[in-house]
Amino acid sequence: MSLLEVHDLHASVNGEPILRNLSLRVETGEIHAIMGPNGSGKSTLANVLAGRPGYEVTAGQVSFNGAGLTGLEPEARAQAGLFLAFQYPVEIPGLSNMEFLKAAWDSHRAAQGAQPESAVSFMKRARALAKSLELNPEFLKRGVNEGFSGGEKKRNEILQLLLLEPKLAVLDETDSGLDIDALQTVAAGINRFCSADTGVLLITHYQRLLNHIVPDRVHVLSEGRIVASGDRHLAEKLEAEGYAWLSD
Amino acid sequence: MSESPIDIVGQEYRAGFVTDVASDTLPPGLSEAVVRHISAKKREPAWMADWRLAAYGKWCAMRPPDWAHVRFPPIDFQAISYYSAPKSLADAPASLDEVDPELLRTYEKLGIPLHEREALAGVVKAPDVAVDAVFDSVSIATTFKDKLADAGVIFCPISEAVHSHPELVQKYLGSVVPQQDNFYAALNSAVFSDGSFVYVPKGVRCPMELSTYFRINERNTGQFERTLIIADAGAYVSYLEGCTAPMRDENQLHAAVVELVALDNAEIKYSTVQNWYPGDAEGKGGIYNFVTKRGACIGARSKISWTQVETGSAITWKYPSVVLRGADSVGEFHSVALTNNYQQADTGTKMIHLGPGTRSTIISKGISAGKSQNSYRGLVRTSPAAKGARNYTQCDSLLLGDACGAHTFPYIENKSPTATIEHEATTSKVSDDQLFLCQQRGIDPEKAISMIVNGFCKDVFRKLPMEFAVEAGKLLEVSLEGAVG
Ligand SMILES: Nc1ncnc2c1ncn2[C@@H]1O[C@H](COP(=O)(O)OP(=O)(O)OP(=O)(O)O)[C@@H](O)[C@H]1O
Ligand SMILES: [Mg+2]
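Protein chains in written order, with our numbering: chain Z, 3 to 250; chain V, 31 to 515.
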């Protein structure tokens, strides 16, 4: 049984067909990179997997851990272990980051029939993780992403990834907007998440992230379908030559 | 031949009023005779009766205000009964089976104990028994009273204070909200039922919150509640009004008056959680809450702060205000007003700066959901004598959905060249993106909305006494049900 299995997927955004005939299989322990030009459908795929309202599967199947995802609410998918790091993390002014994280973690535990973790132990864990991502723990007291810089928002996404311990991480351009040091910090965070029990779908434009996180497979998306797949050398070739050769 | 209301009133009046309280209700209609009847019923001294009659005279010449951003069919003031204490047995539900099941579900969610639910829903049994059942320990009440008495604090029904402390009532009643202040204040002055009277003597810090403990038996204060709180020089008191459980009442119109008086260096903190029945999801049957609340900072360096959480009522018309007369006195207004379904709220404050060095802060958080309309209306006025006066106003609106409305009406009348007046306003919407972020982290949309709304209201909740703050958060959650999706 695969961690994620996408079969002949067709999907529309607000009625507009975007993804066509897309198939993909991610096993536990694997890292898959998704690359492709702007507007090719990478974020659409991520959102379809997460069940975002307005993103409709018109044909094909998606199964996660052996269970079909169709018709499942976004929160149920999240609780089942599907995590999406957003390309553009949204701000929720006034709602403290810590409170938000705790509610998220409580909901994950509740779905497993577990009692909430004590606030003290959770906050300790959150602070330690924030430190490891070189995010000042003071950020935990601020509103969710409120006034965070672009790079801080991305680090906050990885903080959530590590706190919520999902099975599959879909990371949508988590490397964009990061300075050189931050890139290493974030990459270290992602590597920390990777294990024999987890899988990663890494959406990126740049080889530089893949120097730190070595993918098992690389897929190229173009106009809503996968036009090429290969090992990590495919990414190097793309970095050197761009996407044009694929359409020849 | 049927008798006119006046005749009946007349008869009763002649017959005297040592009758069974429970069965006593006046037929609808308002007249001088009715006002006399109410006063006589309470065995009030002549000065009190005269005061009521004077108010009645003024009321007759006034019209209901029409400037608020609310809509409702005209009220027939001659169709209302102005004396009914306690509520008529015939109108009230006889058991919880006759009460709106939605309301009962809400009690359950708020964790209201079973025996309190009946009282809140207005179920009428033998009234005295019901009160005893709620406050099963008379001893608590006694301890409470003893403690206050030791400190010299007077806390009693205003109907009692009229007899026991006439000099204080005569001096301060109507001193902050004059009878002719507005239509509903005049009406209240003529027919007020009952309410609280508090006097905290010089230099005394009231040893406890005057609070929730009385939340059930206060419901018998009726639809024209009258409250008067006086903090003498250097005194401090914190008063909590209302409760988080939605209260049902047979009377649709509620027109209360609250007056606060703070002398030199005194401080009054007045917190309200208002959760009158808002009506069903279509807005039918809800309470009209037309309230006049005002505090007077008479003394130098005195302080009055209003904190309110308004979630109930079909229509709310309410502007807790502070008149800053004493030098360096301080007024505060912290408000959360939430409207859902077909509710309408027009609420805000007035800060009247008369003395030098006076300061005021206004923090208003309006949340609109469903098809509701939520308006903030605030006035900041400075007189030429208010040298160096300062006001800071922050007025934030949060919209849930597309069918509701938020409106802001700030008025500034500045006659003091040295005053500083700042006003900030924001309007935001809970976006689909925010909701999706929460959902993606495993949080269901209702919980997400309530967390976002709570975050939005944080600055105000912080001002509430502890136990109220927790209840208020829970209350918003319940009030917002059905606001998503
Ligand atoms: N709400 C929407 N309505 C209509 N079209 C949309 C909507 N959202 C996305 N699209 C279109 O779908 C296509 C794929 O968009 P998507 O965001 O998935 O691209 P992407 O591969 O993530 O691009 P980038 O590298 O720029 O992030 C684009 O042409 C985009 O304009
Ligand atoms: Mg994208």
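Glycine included, C-beta positions come from ideal geometry on N, C-alpha and C.
Sequence-distant residues of the same chain with beta carbon closer than 8 Å to L185 (chain Z), five excluded per side: As a working mapping, residue 185 (chain Z) is identified with position 183 in the first sequence. Counting only Cβ-Cβ distances below 8 Å, and skipping sequence neighbours, we find D177, R210, L211, H214.
Touching by the beta-carbon criterion (3+ pairs, under 8 Å), the region 114–123 of chain Z and the region 422–442 of chain V: no
3-residue-minimum beta strand (DSSP E) runs that sit fully inside the region 391–456 of chain V, ordered along the chain: 403–412, 420–429, 435–444
Per-residue DSSP class, three states only, for V159 (chain V): One-based indexing of the second sequence puts residue 159 (chain V) at position 129. Residue placement at V159 (chain V) is flagged as unreliable, the pLDDT there being 28, under the threshold of 50; the coordinate-derived value follows with that caveat. In the structure shown, V159 (chain V) sits in a helix (DSSP, three-state: H, G or I).
Min CB distance G503 (chain V) to chain Z below 8 Å: Counting from 1 along the second sequence, the entry for residue 503 (chain V) is found at position 473. No, no contact with chain Z.
Among V:M381, V:A399, V:P386, the one whose alpha carbon lies nearest that of R407 (chain V): Counting from 1 along the second sequence, the entry for residue 407 (chain V) is found at position 377. Comparing Cα positions, the closest option is V:M381.
Cutoff 8 Å: Q282 (chain V) Cβ touching any chain Z Cβ: In the second sequence, residue 282 (chain V) corresponds to position 252, counting from 1. Chain Z, which has no Cβ nearer than 8 Å to the Cβ of Q282 (chain V), makes this no.
Residue burial classification, W77 (chain V) (beta-carbon count within 10 angstroms, cutoff 16): Indexing the second sequence from 1 puts residue 77 (chain V) at position 47. Classification of W77 (chain V): exposed, given that the 10 Å Cβ count is below 16.
E32 (chain Z) beta carbon less than 8 Å from that of R219 (chain Z): Counted from its first residue, the first sequence places residue 219 (chain Z) at position 217. Counted from its first residue, the first sequence places residue 32 (chain Z) at position 30. A contact, by the Cβ cut-off of 8 Å.
8 Å Cβ cutoff met for R324 (chain V) and D358 (chain V): Residue mapping note: residue 324 (chain V) aligns to position 294 of the second sequence, counting from 1. Residue mapping note: residue 358 (chain V) aligns to position 328 of the second sequence, counting from 1. The answer is no: Cβ separation not under 8 Å.
Chain-ordered neighbours of Q464 (chain V) on chain Z, where CB pairs are closer than 7 Å: What you label residue 464 (chain V) is simply residue 434 of the second sequence in a count that begins at 1. Chain Z residues near Q464 (chain V): V92, I94.
Test: R157 (chain Z) CB closer than 8 Å to a CB of chain V: Counting from one through the first sequence, the residue named residue 157 (chain Z) turns up at place 155. For R157 (chain Z), the answer is no, since every Cβ of chain V falls outside 8 Å of its Cβ.
CA nearest to the CA of L74 (chain Z), picked from V:S351, V:I259, V:D474: One-based indexing of the first sequence puts residue 74 (chain Z) at position 72. Nearest C-alpha to L74 (chain Z): V:D474.
Heavy atom of ligand 2 within 7 Å of E175 (chain Z) beta-carbon: As a position in the first sequence, residue 175 (chain Z) is number 173, starting the count at 1. Within the cutoff, so yes.
Near ligand 2: K44 (chain Z) beta-carbon under 7 Å from a heavy atom: Here residue 44 (chain Z) is taken as the residue at index 42 of the first sequence, counted from 1. Yes, the Cβ of K44 (chain Z) comes within 7 Å of a heavy atom of ligand 2.
Proximity test, Q470 (chain V) beta-carbon vs ligand 2 heavy atom, cut-off 7 Å: Reading the second sequence from its first residue, position 440 is the one you call residue 470 (chain V). Answer for Q470 (chain V): no, Cβ out of range of ligand 2.
Check whether E340 (chain V) and A285 (chain V) have beta carbons under 8 Å apart: One-based indexing of the second sequence puts residue 340 (chain V) at position 310. One-based indexing of the second sequence puts residue 285 (chain V) at position 255. In this structure, A285 (chain V) does not lie closer than 8 Å to E340 (chain V) by Cβ.
Closest Cα partner of L166 (chain Z) within the set Z:N16, Z:R144, Z:E225, Z:L84: Here residue 166 (chain Z) refers to the residue found at position 164 when the first sequence is read from its first residue. With distances taken between Cα atoms, L166 (chain Z) lies closest to Z:L84.
Test: R471 (chain V) CB closer than 8 Å to a CB of chain Z: Here residue 471 (chain V) is taken as the residue at index 441 of the second sequence, counted from 1. Answer yes: the Cβ-Cβ gap between R471 (chain V) and chain Z drops below 8 Å somewhere.
When V:S194, V:S189, V:W336 are compared against E255 (chain V), the one with the closest alpha-carbon: One-based indexing of the second sequence puts residue 255 (chain V) at position 225. Per the Cα distances, V:S189.
For H12 (chain Z), the first and last residue of its enclosing beta strand (DSSP E): For the purposes of this step, residue 12 (chain Z) is taken as the residue at position 10 of the first sequence. Here the beta strand (DSSP E) through H12 (chain Z) covers 6–15.
CB-CB length for S390 (chain V) against H383 (chain V), believed under 8 Å: Locating residue 390 (chain V) in the second sequence gives position 360, counting from the first residue. Locating residue 383 (chain V) in the second sequence gives position 353, counting from the first residue. Right, the Cβ-Cβ distance comes to about 7 Å (below 8 Å), so this counts as a contact.
Nearest-angstrom Cβ-Cβ length linking V291 (chain V) and I317 (chain V), presumed shorter than 8 Å: Looking up residue 291 (chain V) in the second sequence gives position 261. Looking up residue 317 (chain V) in the second sequence gives position 287. Actually they are not in contact, since the Cβ atoms of V291 (chain V) and I317 (chain V) sit about 28 Å apart, beyond 8 Å.
Contact list for A105 (chain Z) against chain V, beta-carbon separation under 9 Å: Within the first sequence, numbered from 1, the residue matching residue 105 (chain Z) stands at position 103. Chain V residues near A105 (chain Z): C468, R471, G472, I473, K477, A478, M481.
Beta-carbon separation (whole angstroms), P495 (chain V) vs E239 (chain V), contact threshold 8 Å: If you number the second sequence from 1, residue 495 (chain V) lands on position 465. If you number the second sequence from 1, residue 239 (chain V) lands on position 209. Right, their Cβ atoms sit about 6 Å apart.
Unbroken stretches of the alpha helix (DSSP H), 4 residues or longer, contained in the region 80–132 of chain Z: 99–113
Candidates Z:A61, Z:M100, Z:E238: closest to R144 (chain Z) by CA position: Counting from one through the first sequence, the residue named residue 144 (chain Z) turns up at place 142. For the residues Z:A61, Z:M100, Z:E238, the minimum Cα distance to R144 (chain Z) belongs to Z:M100.
As assigned by DSSP and simplified to three states, the class of Q41 (chain V): Mapped onto the second sequence, residue 41 (chain V) falls at position 11. Summary for Q41 (chain V): the model assigns pLDDT 28, below 50, so the residue's position carries little reliability; its value from the coordinates is reported in the next sentence. In the structure shown, Q41 (chain V) sits in a helix (DSSP, three-state: H, G or I).
Interface flag, R210 (chain Z) vs chain V, CB-CB below 8 Å: As a first step, residue 210 (chain Z) must be located in the first sequence, where it is residue number 208. No, R210 (chain Z) does not count as interfacial toward chain V.
Buried or exposed by the 16-neighbour rule on C-beta atoms within 10 Å, applied to N49 (chain Z): Mapped onto the first sequence, residue 49 (chain Z) falls at position 47. By the neighbour-count rule (16 or more Cβ atoms within 10 Å), N49 (chain Z) is buried.
Near-chain V residues of the region 136–164 of chain Z (beta-carbon distance less than 8 Å), N- to C-terminal order: G145, V146, Q162
Whether I397 (chain V) touches V287 (chain V) by CB criterion (8 Å): For this step, residue 397 (chain V) is matched to residue 367 along the second sequence. For this step, residue 287 (chain V) is matched to residue 257 along the second sequence. Cβ distance not < 8 Å, so I397 (chain V) and V287 (chain V) don't count as in contact.
CA-to-CA distance, L103 (chain Z) to Q162 (chain Z), given in whole angstroms: By one-based count along the first sequence, residue 162 (chain Z) stands at place 160. By one-based count along the first sequence, residue 103 (chain Z) stands at place 101. Looking at the two C-alpha atoms, the distance is approximately 7 Å.
Opposing strand residues paired with S268 (chain V) [DSSP bridges]: As a first step, residue 268 (chain V) is located in the second sequence; it is residue number 238 there, counting from the start. Note: S268 (chain V) sits in a beta bridge opposite V:K299.
Same chain only: Cβ atoms within 6 Å of T337 (chain V), ignoring 5 sequence neighbours per side: As a working note, residue 337 (chain V) is residue 307 in the second sequence. Excluding sequence neighbours, T337 (chain V) sits near S301, H364, K493, L494.
Continuous beta strand (DSSP E) assignments of at least 3 residues falling wholly in the region 147–181 of chain Z: 170–174
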